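Only one structure is covered here, and it is reproduced in the block below.
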Amino acid sequence: MKPKNIFAFFFILMLLMQIQSCNKVQYHIFQSYINTYKKPEDIDFNVKKSGIIEFRSGLIKKNYSWISEGNDKIVYDSLCHAHNDISYNKKRDYIAYPHWGEASTLCINGINIISNTDFDQNHPAGASLNNIVRLVSYSPKKFIDSGYIDTFDWKYDSPGSFEGLYDFVNIEEMKNFHPIDKQLSELYVDDMKMLPPYVFGYLVFDSNPADSKEHELTITISLCDGSNIEKTLVKVFD
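Using the numbering used here, you'd call the opening residue of the sequence shown number 264 and step up by one each time.
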């Protein structure tokens with residue numbers, strides 16, 4: 264075999280060995296159910312074709328996980344302690360990295376939404392629309408708070424409001440996540456903890472405006488650190 268061919272042979276062999284090692288099943292005893300927290304760089308709102316408002320992350324700025332080091336590991340550990348997620352203690356397998364147990368670092372105190380136009384007789388321009396808008400999302404908080412016992416049956420009990428919004432790939436893992444479906448006026452801080460890292464949730468209107476169909480909406484997100492994020496968008500109601 265020519266030297267050039269020998270080099271190519273060993274290069275391919277090493278590449279195959281590397282691929283095989285990446286696909287090798289590994290095991291780890293996870294102390295926390297959430298193994299990765301993702302910090303968003305920004306928050307965006309987008310009106311879907313269905314009219315529902317998507318509440319999502321922009322780019323992911325930072326990952327804090329069980330394999331982080333230094334200050335990032337300190338941040339991860341502090342998030343686990345803050346959510347009382349420190350006694351999962353379960354040996355689980357994964358390939359390359361766990362495809363489960365992710366949440367956003369986003370900590371929300373409240374959400375408020377107003378319109379620049381009269382919505383109906385009970386909601387003049389500038390009045391809060393929180394009692395006619397719902398947040399639809401999901402979170403593992405109830406599962407974690409219960410000592411990793413309380414699960415949810417998405418196959419048989421999935422709320423109708425979730426239809427067409429979420430397409431869960433790992434339905435078995437989703438049993439550890441409970442639905443959130445509440446009017447903004449009834450949301451508590453705990454309801455909005457450990458939201459999904461990419462699409463935080465959806466804002467759904469329970470009623471349509473009385474007259475004008477086009478509304479400029481201002482959505483204010485109050486964060487746990489005392490700061491606010493304000494976004495404006497235009498929504499045309501059917």
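The beta-carbon is built from N, C-alpha and C at its ideal position, and this holds for glycine as well.
Here the structure is a predicted model, which means the values were calculated and not measured.
Simplified DSSP assignment, three categories, for residue i
| i | result |
| --- | --- |
| I484 | strand |
| K287 | coil |
| L447 | helix |
| K494 | strand |
| G373 | strand |
| S400 | strand |
| S378 | strand |
| F425 | helix |
| I282 | Below a pLDDT of 50, predicted positions are generally treated as unreliable, and I282, at 44, falls in that range; the measurement from the model is reported next regardless. Note: I282 maps to helix in three-state DSSP. |
Residue i, enclosing alpha helix (DSSP H) - first and last residue
| i | result |
| --- | --- |
| F406 | K404 to D408 |
| L458 | Here L458 belongs to no alpha helix (DSSP H), and DSSP marks it neither H nor E. |
| I337 | G333 to A345 |
| K418 | W417 to D420 |
Inter-residue CB distance, residue i and residue j (contact presumed, cutoff 8 Å)
| i | j | result |
| --- | --- | --- |
| S320 | I297 | That pair is no contact at about 16 Å. |
| I374 | L447 | 5 Å |
| P403 | P422 | Not quite, the Cβ-Cβ distance comes to about 17 Å (not below 8 Å), so this is no contact. |
| I371 | M457 | Contact doesn't hold; Cβ gap of about 11 Å is too wide. |
| E317 | V452 | 22 Å between Cβ atoms; not a contact. |
| Y551 | A366 | In the structure as shown, the chain starts at 264 and stops at 501, and residue 551 therefore has no counterpart that could be examined. |
| P459 | Y401 | 7 Å |
| D416 | K405 | With a Cβ gap of about 13 Å, D416 and K405 do not count as contacting. |
Cβ-heavy atom distance, residue i to the ligand SAM, below 7 Å
| i | result |
| --- | --- |
| L458 | Among the components of this structure there are no ligands whatsoever, and the ligand SAM is therefore not found. |
Element boundaries [beta strand (DSSP E), containing residue i]
| i | result |
| --- | --- |
| L392 | First-last for L392: undefined, no H or E at that position. |
| D356 | K353 to I358 |
| K324 | I323 to S328 |
| D307 | I306 to V310 |
| E365 | E365 to S367 |
| E436 | Careful: E436 lies outside any beta strand (DSSP E) and carries neither H nor E. |
| K301 | T299 to P303 |
| I316 | I316 to S320 |
Counted within 10 angstroms of its Cβ, other Cβ atoms place residue i as buried (16 or more) or exposed
| i | result |
| --- | --- |
| V499 | exposed |
| N471 | exposed |
| L278 | The pLDDT assigned to L278 is 49, lower than 50, so where the model puts this residue is not dependable; a value taken from the coordinates is nonetheless given after this. Exposed, because fewer than 16 other Cβ atoms sit within 10 Å of the Cβ of L278. |
| Y339 | buried |
| G364 | buried |
| V399 | buried |
| I492 | exposed |
| N439 | buried |
| N393 | buried |
| H387 | Here residue 387 is Pro; the residue named in the question, His, does not match the sequence. The residue is exposed, with fewer than 16 neighbouring Cβ atoms inside 10 Å. |
| I376 | buried |
| Y360 | exposed |
| V396 | buried |
| D538 | Residue 538 cannot be examined here, being either before or after the span of the chain that is shown, 264 to 501. |
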